[in-house]
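A.B. asks:
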Amino acid sequence: MVSVTARKHVPDLKRLQRTCDTNYMALMKLLPRAAHVGESLSVGISEGVLFVLRVLDTAPYTWQVSIEQCSPELPAFMRMKVRVRLYHDVRMAEVCASQQIFALRPSYHYPNENMHHPNEKEQVNLFLAEWLRCCLHHGFSTVKQV
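Going by the UniProt record's numbering, 85 is the number at position 85 of the sequence shown; the sequence numbering is gapless.
#1: By Cβ distance, which residues of its chain are closer than 8 Å to Gly48, with the 5 residues on each side in sequence left out?
#2: Identify which residue in Leu132, Leu126 and Val55 has its Cα closest to the Cα of Asp12.
#3: Report the rounded CA-to-CA distance for Leu56 versus Leu41, giving the unit in angstroms.
#4: Between Tyr87 and Thr62, is the Cβ-Cβ spacing less than 8 Å?
#5: Assuming Ala76 contacts Val84 under a Cβ cut-off of 8 Å, what Cβ separation, rounded to an integer in Å, is found between them?
#6: Just to confirm the assignment, what range does the beta strand (DSSP E) spanning Asp57 have?
#7: Which of the three DSSP states, helix, strand or coil, is assigned to Tyr24?
#8: Is there a Cβ of chain E sitting closer than 8 Å to that of Pro60, yes or no?
#9: Where do the ends of the alpha helix (DSSP H) carrying Glu130 lie?
#10: Taking 8 Å as the threshold (C-beta atoms), are Val95 and Val52 in contact?
#11: Out of curiosity, what's the CA-to-CA distance linking Arg33 and Pro111?
#12: List the endpoints of the continuous beta strand (DSSP E) containing Glu94.
#13: Between Cys135 and the rest of its own chain, which residues show a CB-CB distance below 6 Å, the 5 nearest in sequence each way excluded?
#14: Which of the three DSSP states is assigned to Leu74 in this structure?
#15: What's the C-alpha gap between Val90 and Ser46?
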């Protein structure tokens with residue numbers, strides 16, 4: 001009988017940092033320069049696909065923003081919902097929470113009880129990058145909400 005030991009996933013930090021840099025630049029194109037807590041704006045991709053970006057917290061060097069998909073025809077578990085922390089001093093934005101994961105770890109052993117991928121944090125940050133690219137290229141409106 002051969003024993004196979006699973007190696008722990010080691011995140012590619014350079015790639016993750018590049019993704020976070022790109023996400024920061026794209027988010028700053030959508031968000032106002034001087035955001036205030038509670039401020040939000042809507043981004044439409046198509047007639048039935050609308051996203052709301054909401055500023056949750058501001059500090060001198062960080063902001064925390066939520067991004068939620070508002071598509072009533074989709075069940076809640078299928079709608080995109082992420083929380084992003086923007087670090088203004090290093091110009092990076094990383095996903096801190098995604099869907100029902102309230103605190104993303106750098107890596108997960110696999111298999112695990114919740115069936116998270118070994119590189120879950122990298123994947124959700126890459127997903128945010130794709131989403132932001134889509135918004136910047138195909139978004140038909142950004143409406144500031146009060």
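Just so you know, even glycine gets a beta-carbon here, dropped at the ideal spot from N, CA and C. Quick caveat, the model's predicted, so the values are computed rather than measured.
C.D. replies: Here's the rundown:
#1: Answer for Gly48: Ser71 and Glu73, listed in chain order.
#2: Nearest of Leu132, Leu126 and Val55 to Asp12, Cα basis: Leu126.
#3: Rounded to the nearest whole angstrom, the C-alpha separation of Leu56 and Leu41 is 12 Å.
#4: Yes, the Cβ-Cβ distance between Tyr87 and Thr62 is below 8 Å.
#5: Contact flag wrong, Cβ pair sits at about 20 Å.
#6: Here the beta strand (DSSP E) through Asp57 covers Val49 to Thr58.
#7: Tyr24: helix per DSSP, three-state reduction.
#8: Protein chains in the displayed structure number just one, and chain E is not present.
#9: Note, Glu130: alpha helix (DSSP H), Glu120 to His138.
#10: At the C-beta level, Val52 and Val95 stay beyond 8 Å of one another.
#11: Going by C-alpha positions, Arg33 is about 42 Å away from Pro111.
#12: Here the beta strand (DSSP E) through Glu94 covers Met92 to Ser98.
#13: Same-chain partners within the cutoff: Val43.
#14: Leu74: coil per DSSP, three-state reduction.
#15: Rounded to the nearest angstrom, the two C-alpha atoms are 33 Å apart.
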